[in-house]
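Q: This is the structure I want to talk about, given as structure tokens.
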Amino acid sequence: MAKMGSRKHLKRYKAPKSWPIHPKEDTWTVKPAPGSHAIKDSLPLLVIIRDILGLADNSREAKRIINTGNVLIDGKAKKDYKFPVGFMDILSIPKTEENYRILLDTKGRLTLHPITAEDATYKLAKIANKSTIKGGKTQLNLHDGRNVLVDEDLYAGQDVVCISVPEQEIKENFKFEEGVAVLVTGGKHTGELGKIKEIFVDESSKPNTVIIEKANNDTFLTLKEYAFVVGNDEPAIDLLEVNQ
Numbered sequence: 001m002a003k004m005g006s007r008k009h010l011k012r013y014k015a016p017k018s019w020p021i022h023p024k025e026d027t028w029t030v031k032p033a034p035g036s037h038a039i040k041d042s043l044p045l046l047v048i049i050r051d052i053l054g055l056a057d058n059s060r061e062a063k064r065i066i067n068t069g070n071v072l073i074d075g076k077a078k079k080d081y082k083f084p085v086g087f088m089d090i091l092s093i094p095k096t097e098e099n100y101r102i103l104l105d106t107k108g109r110l111t112l113h114p115i116t117a118e119d120a121t122y123k124l125a126k127i128a129n130k131s132t133i134k135g136g137k138t139q140l141n142l143h144d145g146r147n148v149l150v151d152e153d154l155y156a157g158q159d160v161v162c163i164s165v166p167e168q169e170i171k172e173n174f175k176f177e178e179g180v181a182v183l184v185t186g187g188k189h190t191g192e193l194g195k196i197k198e199i200f201v202d203e204s205s206k207p208n209t210v211i212i213e214k215a216n217n218d219t220f221l222t223l224k225e226y227a228f229v230v231g232n233d234e235p236a237i238d239l240l241e242v243n244q
């Protein structure tokens, strides 16, 4: 029995720090299924329905809600209670007309931010890398595990695309460059909003860094990979008030 628990479940005190749950309420919690996001960067759907939104008193009730297909992630029904929901994903519950964007707070915890039905029709996704496939088309591999084909290669790594969901049509591309609005996704400045003031490219094996300037003119240095573009001059999405 212990062996089964270690495979399918996760002890609460071992849950990632990004999970906004109390480590001592119960012994076990749900382990996310392998998928679009890593365990440390995602929440299992059951934990969201039961522990965060409080729509169920126990796992049985939460599974029943999920199995009915009433919970959508990026516009598509997900019936796997272990489905990993991560940063920038859109969670919708049509029956209650609730929509949320998954963001990070300043403590690095994944947070459900309420948004409008209109805002729930699109999401931001960072280009992790890209490749050329048969036929000469370019495939963009995004941070949320999805792949999008484009006819023209107008994109670069670290750029962020705004895509419609569930259609996956690219609506806009936000270039990774000086002056754009970014949300920090790692390090001690996680969850903070600012603009890229300067980009440092190190030709050695050291990671590249950027200087971020906040609205109050304070600046700080962070890793390039932690700077997630959220718009040009201003954020293109509604963000947590604490980030602004």
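At position 232 of the sequence shown (counting the first as 1) the number is 232 in full-length UniProt numbering, and the numbers step up by one without a gap.
Virtual Cβ for every residue (Gly too), placed ideally from N, Cα, C.
Every value quoted in this text rests on a predicted model; they were computed, and no experiment measured them.
Are there 16 or more other CB atoms within 10 angstroms of the CB of Glu192, so buried, or fewer, so exposed?
A: Burial call: buried.
Q: If you reduce the DSSP assignment to three classes, tell me which class Ala125 lands in.
A: Strand, per DSSP.
Q: Could you check what DSSP says for Leu140 in three-state terms: helix, strand or coil?
A: Strand at Leu140.
Q: Going by the DSSP bridge assignment, what does Leu223 pair with across the sheet?
A: Leu223 pairs with Thr209.
Q: Here's the rule I'm using: 16 or more other beta-carbon atoms within 10 Å means buried, otherwise exposed. How should Arg64 be labelled?
A: Exposed: under 16 other Cβ atoms inside 10 Å.
Q: For Pro94 versus Asn70, is the C-beta spacing smaller than 8 Å?
A: Yes. Within cutoff.
Q: Going by other Cβ atoms of all chains shown within 10 Å of its Cβ, with 16 needed for buried, is Asn99 buried or exposed?
A: Buried, since its Cβ has 16 or more Cβ neighbours within 10 Å.
Q: With a CB to CB cut of under 8 Å and the five nearest residues on each side skipped, what residues in its chain are close to Met175?
A: For the record, residue 175 in the displayed sequence is Lys; it is not Met. Taken in chain order, the residues that qualify are Ala156, Asp159, Val229.
Q: Please give me, in chain order, every unbroken run of the alpha helix (DSSP H) with length at least 4 that falls completely inside the stretch 58-126.
A: Here the runs fully enclosed are 59-67.
Q: Enumerate in chain order the residues of its own chain whose CB-to-CB distance from Leu240 is below 8 Å, with the five nearest sequence positions on each side excluded.
A: If we look at Leu240 and ignore the five residues flanking it on each side, its Cβ neighbours are Leu103, Asp105, Thr111, His113, Gly191.
Q: Are Ile115 and Val148 close, meaning C-beta to C-beta below 8 Å?
A: It is not a contact, given that the beta carbons lie outside the stated cut-off.
Q: In this structure, how does DSSP classify Glu192 when only helix, strand and coil are distinguished?
A: In this structure, Glu192 counts as coil in the three-state DSSP scheme.
Q: Report the three-state DSSP secondary structure of Glu169 (helix, strand or coil).
A: Glu169 falls in the coil class under three-state DSSP.
Q: To the nearest angstrom, report how far apart Val30 and Gly186 are at their CA atoms.
A: Taking the straight line from one Cα to the other gives about 24 Å.
Q: When the Cα atoms are used, what is the spatial distance from Ile211 to Glu225?
A: Distance between the alpha carbons of Ile211 and Glu225: 12 Å.
Q: Classify Ala117: buried if its beta carbon has 16 or more other beta carbons within 10 angstroms, exposed otherwise.
A: Ala117 comes out exposed.
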